[in-house]
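>
2 protein chains.
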Amino acid sequence: MDDTKRTELEELGEFGLIERISNNFSNKQPSTILGIGDDAAIIDTGDAYMVISTDLLTEGIHFDLAYFPLKHLGYKAVAVNVSDIAAMNAIPTQITVSIAVSNRFSLQAIDEFYAGVKAACAHYAIDLVGGDTSSSAAGVFVSVTAIGTVAKDLVTRRSGAKNKDIICATGDLGGAYMGMQVLAREKQVFMANPDMQPQLEAYEYVVGRQLKPEARMDIIHELRELNIVPTSMIDISDGLASELLHLSRQSGLGMRVFEEQLPIDNQTYESAVEFKLDPVTCVLNGGEDYELLFTIGQQDYEKLKKHADIHFIGYVEKEDDRPGLVTKSGNWVPLQAQGWSHFKQ
Amino acid sequence: MDDTKRTELEELGEFGLIERISNNFSNKQPSTILGIGDDAAIIDTGDAYMVISTDLLTEGIHFDLAYFPLKHLGYKAVAVNVSDIAAMNAIPTQITVSIAVSNRFSLQAIDEFYAGVKAACAHYAIDLVGGDTSSSAAGVFVSVTAIGTVAKDLVTRRSGAKNKDIICATGDLGGAYMGMQVLAREKQVFMANPDMQPQLEAYEYVVGRQLKPEARMDIIHELRELNIVPTSMIDISDGLASELLHLSRQSGLGMRVFEEQLPIDNQTYESAVEFKLDPVTCVLNGGEDYELLFTIGQQDYEKLKKHADIHFIGYVEKEDDRPGLVTKSGNWVPLQAQGWSHFKQ
Chain W
636 MDDTKRTELE ELGEFGLIER ISNNFSNKQP STILGIGDDA AIIDTGDAYM
686 VISTDLLTEG IHFDLAYFPL KHLGYKAVAV NVSDIAAMNA IPTQITVSIA
736 VSNRFSLQAI DEFYAGVKAA CAHYAIDLVG GDTSSSAAGV FVSVTAIGTV
786 AKDLVTRRSG AKNKDIICAT GDLGGAYMGM QVLAREKQVF MANPDMQPQL
836 EAYEYVVGRQ LKPEARMDII HELRELNIVP TSMIDISDGL ASELLHLSRQ
886 SGLGMRVFEE QLPIDNQTYE SAVEFKLDPV TCVLNGGEDY ELLFTIGQQD
936 YEKLKKHADI HFIGYVEKED DRPGLVTKSG NWVPLQAQGW SHFKQ
Chain Y
636 MDDTKRTELE ELGEFGLIER ISNNFSNKQP STILGIGDDA AIIDTGDAYM
686 VISTDLLTEG IHFDLAYFPL KHLGYKAVAV NVSDIAAMNA IPTQITVSIA
736 VSNRFSLQAI DEFYAGVKAA CAHYAIDLVG GDTSSSAAGV FVSVTAIGTV
786 AKDLVTRRSG AKNKDIICAT GDLGGAYMGM QVLAREKQVF MANPDMQPQL
836 EAYEYVVGRQ LKPEARMDII HELRELNIVP TSMIDISDGL ASELLHLSRQ
886 SGLGMRVFEE QLPIDNQTYE SAVEFKLDPV TCVLNGGEDY ELLFTIGQQD
936 YEKLKKHADI HFIGYVEKED DRPGLVTKSG NWVPLQAQGW SHFKQ
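Line order of the protein sequences matches chains W and Y. Be aware that the first sequence starts at 636, since it is given in our numbering, and climbs by one per residue. Be aware that the second sequence starts at 636, since it is given in our numbering, and climbs by one per residue.
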């Protein structure tokens, strides 16, 4: 290494780093249908496709054990990977879970973590088939790999959106981000005065969105029953704006979403106002909601229009290939990626 | 958690912990042929089996960046996972690589790591299809998941050894452990006096065994060409004694190996003597050689007996189900598991 050419990771950001890595690799195996760059890789197993996705969760970056119970961490580590499998329109089947902890952890703490893993495996009907356990010099690290299966004609990539497709988002957005704000504030209060008990009752929903996210497999099953194959799909882990940019860039088309259509829960809205945050910014850039963002052809709209938990937030357009938001006042503003910025201080 | 029942992880050890976890999970998916407890899980994909294995490498436990170049770390992280795929008699096809590093790492350091990953992918003809990048509060963590494919009648488990089978080990053993001893000593010398240059010339082979291990895919391909399917197989990552105990326990049979048949390189032997270590102990408990340990039926012996790199170290027996070593003086001593003890101080 030549230190005179040192480049800080924060200059590049996660997406720049992933692009740099993937540009340097090419696929040789005939079974590799899709490599780096989607929610999961696609591997041809003959009759069907297998999809595979992996996530690394690090203490102090992705979670704070001061307010994140280990059982919830185990559940969430599985759920966020299942969410990636869902985003390929696939059904999860197996998972591996690795964990590194320092000596300060007891066996009972590990049992708590795996109790969460087990509950998630039961909920999503998947098998824990492997993993690794290690000690770490400092901090907890969790790595999960999920695999799933999908018929070849049902697999959904980020790149398949078509002009005039309708953009759909499930559930509501921004809640997990507000939950983290609440938990971080209560931690500060507690650290200043350990006799203070956390005040979480009024924030139960948003805190639950942070601590107990669910992958939207229910939506995947419903779409199958309705015979709908999304034209493109991604899970909302980094924030709606970031995911719209992914779909837009990988499909080569613009995306126009409407502020008044963005789904936000009342508690998310009210806690954002209390924290002096713009609720729309929380929805656009909050992240960690693990809802699904997908596009459908207009012919499928009738079948979904009465669905209580699917929101039609905009449409795909080829006139302008930048994704933008139409505000309540009718202005068009370009969407900015926030996404992941762990390397930034 | 009830702290009155606190149990330290070191009381249980890695194998106890894995057994505790796996006993608490059961497989429900019809495609799960084999879950936790072998070198890789086995998943039925219809025409063939897919095998999947994962490893977590943590700084300060599995590697010391003071003497482990990042490019070598990238290569080794891939190789040790390919070794697990080899141990199932499978051909590796794809890999995911995740890494967490602190802000002190530059982009150039990450590039070095991925240059090693790329070299290993090229060498083993596998595709990098995914992964995750994250920052860590402290330390480097690498998680790799490898997948491979194998015809259903060729897959090799730990549990298939039969009475009177011949026990085979590839390559030579104990070298990687001695390499680590040499590197650790040179680090101490360097820290005491930074003007001292490391003296590694005389230890090139054993240091290479530690820094540049290879998965024995060459052996897997040769066995196929010879139409030999091992009855059981495991890769030698934790040490020969530990792996023999796995094959013995999972096959329900004893294993008798002979000290005079154990393969050891001259440099390993001589450096062990220099370090006042018993060379046989290094072979039995050293670990990290990533050679293959397997059993074959006696009818296959003729085909392999002249192989320069496969050593016939003993045989499977049902008379005594404990694995044991017959020393040069003719004594029988039971083999002890050392294996992994990261949680021990």
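No residue lacks a Cβ here, since even glycine has one placed at the ideal position from N, Cα and C.
So for residue 851 (chain Y), helix, strand or coil by DSSP?
In the structure shown, residue 851 (chain Y) sits in coil (DSSP, three-state: anything other than H, G, I, E or B).
> Hey, quick one: how far does the alpha helix (DSSP H) through residue 719 (chain Y) stretch, first residue to last?
Note, residue 719 (chain Y): alpha helix (DSSP H), 705 to 721.
> For residue 851 (chain Y), count the other beta carbons within 10 Å of its own beta carbon; 16 or more makes it buried, fewer makes it exposed. Which is it?
When all chains shown are included, residue 851 (chain Y) counts as buried.
> Just to confirm my understanding: we take residue 980 (chain Y), look at its own chain, exclude 5 residues before and 5 after, and list those with CB closer than 6 Å. What are they?
In this prediction, residue 980 (chain Y) has a pLDDT of 34, which is less than 50 and means its spatial position is unreliable; nothing more can be read from the coordinates.
> By alpha-carbon positions, which one of W:749, W:967, W:732, W:723 ends up nearest to residue 859 (chain W)?
Selected option, being the one with the closest Cα: W:723.
> Given a threshold of 16 other Cβ atoms within 10 Å of its Cβ, counted over all protein chains shown, does residue 697 (chain Y) qualify as buried or as exposed?
Its Cβ being crowded by 16 or more others within 10 Å, residue 697 (chain Y) is buried.
> So within the segment 804 to 887 of chain W, which uninterrupted alpha helix (DSSP H) runs reach at least 4 residues, ignoring any that extend past its ends?
Runs found: 810 to 827, 839 to 846, 852 to 860, 875 to 886.
> Assess contact between the segment 879 to 889 of chain Y and the segment 948 to 963 of chain Y, defined as three or more Cβ pairs (one per stretch) separated by less than 8 Å. Is contact present?
Yes: at least three Cβ pairs fall under 8 Å.
> Return the first residue and the last residue of the beta strand (DSSP E) that residue 891 (chain W) is part of.
Element bounds for residue 891 (chain W): 889 to 893.
> Would you say residue 797 (chain Y) reaches chain W, if we count a Cβ-Cβ gap shorter than 8 Å as a contact?
False, the Cβ-Cβ gap to chain W never drops below 8 Å.
> Per DSSP, what kind of secondary structure is residue 729 (chain Y) in: helix, strand or coil?
Correct three-state label for residue 729 (chain Y): strand.
> Interface residues of chain Y around residue 662 (chain W) at Cβ under 9 Å?
Neighbours of residue 662 (chain W) on chain Y, chain order: 729, 762, 763, 764.
> Going by other Cβ atoms of all chains shown within 10 Å of its Cβ, with 16 needed for buried, is residue 824 (chain W) buried or exposed?
Label assigned to residue 824 (chain W): exposed.
> Would you mind sorting residue 766 (chain Y) into buried or exposed? The rule is 16 or more other CB atoms within 10 Å of its CB.
Buried: at least 16 other Cβ atoms inside 10 Å.
> First and last residue of the beta strand (DSSP E) that includes residue 692 (chain Y)?
Residues 684 to 693.
> Using 8 Å as the limit for Cβ to Cβ distance, is residue 947 (chain Y) near chain W?
So, not an interface residue.
> Flag residue 791 (chain Y) as yes if its beta-carbon sits less than 8 Å from any beta-carbon of chain W, otherwise no.
So, not an interface residue.
> Using the rule of at least 16 other Cβ atoms within 10 Å of the residue's Cβ for burial, across every protein chain shown, is residue 721 (chain W) buried or exposed?
Residue 721 (chain W) is buried by the Cβ-count criterion.
> Which chain Y residues sit within Cβ distance under 7 Å of residue 767 (chain W)?
Within 7 Å Cβ-Cβ: 689, 690, 691.
> Determine which residues of the segment 873 to 886 of chain W have a Cβ less than 8 Å from any Cβ of chain Y, and write them out in chain order.
From the segment 873 to 886 of chain W, no residue has a Cβ closer than 8 Å to chain Y.
> May I have the straight-line CA-CA distance separating residue 977 (chain Y) from residue 969 (chain W), to the nearest angstrom?
Here the model assigns residue 977 (chain Y) a pLDDT of 45, short of 50, so the residue's position is not dependable, and the following value carries that caveat. Taking the straight line from one Cα to the other gives about 51 Å.
> According to DSSP, simplified to helix, strand and coil, what is residue 776 (chain W)?
Strand at residue 776 (chain W).
> Given a limit of 8 Å on CB to CB distance, which residues of the segment 694 to 706 of chain W reach chain Y?
Within the segment 694 to 706 of chain W, the qualifying residues are 694, 695, 696, 697.
> Can you pull the chain B neighbours of residue 641 (chain W), defined as C-beta to C-beta under 7 Å?
Checking the listed chains, one finds no chain B in this structure; the protein chains it contains are W and Y.
> Listing by chain order, which chain Y residues have their CB less than 9 Å from the CB of residue 654 (chain W)?
Neighbours of residue 654 (chain W) on chain Y: none; closest Cβ ~11 Å, over 9 Å.
> In terms of alpha-carbon separation, which member of W:748, W:769, W:864 lies closest to residue 735 (chain W)?
Comparing Cα-Cα distances from residue 735 (chain W) to each of W:748, W:769, W:864, the minimum goes to W:769.
> If contact means a Cβ-Cβ distance below 9 Å, which residues of the segment 889 to 923 of chain W contact chain Y?
Those would be none; no residue qualifies.
> Measuring only between beta-carbons, confirm whether residue 846 (chain W) sits less than 8 Å from chain Y.
No, its Cβ sits nowhere closer than 8 Å to a Cβ of chain Y.
> Whose Cβ in chain Y lies nearer than 9 Å to the Cβ of residue 685 (chain W)?
Result: 678, 680, 685, 782.
> Return the residue from the list Y:874, Y:909, Y:883 that minimises the CA-CA distance to residue 927 (chain Y).
Taking only the C-alpha atoms, the option nearest residue 927 (chain Y) is Y:874.
> Would you kindly check if the distance between the Cβ of residue 716 (chain W) and the Cβ of residue 781 (chain W) is under 8 Å?
Against a cut-off of 8 Å, the Cβ pair of residue 716 (chain W) and residue 781 (chain W) comes out as a contact.
> What's the call for residue 949 (chain Y), buried or exposed, on a 16-neighbour Cβ count within 10 Å?
Buried is the call here.
> What residue range is occupied by the uninterrupted alpha helix (DSSP H) comprising residue 758 (chain Y)?
Unbroken alpha helix (DSSP H) run through residue 758 (chain Y): 742 to 759.
> Against residue 839 (chain Y), what residues of chain W qualify as contacts under a CB-to-CB distance less than 7 Å, listed in chain order?
The contacting residues do not exist; residue 839 (chain Y) stays about 23 Å from chain W at best.
> May I ask you to report which of helix, strand or coil DSSP gives residue 927 (chain W)?
Reduced to three states, the DSSP call for residue 927 (chain W) is strand.
> For the segment 852 to 872 of chain Y and the segment 824 to 835 of chain Y, state whether three or more C-beta atom pairs, one from each stretch, are separated by less than 8 Å.
No, they do not touch.
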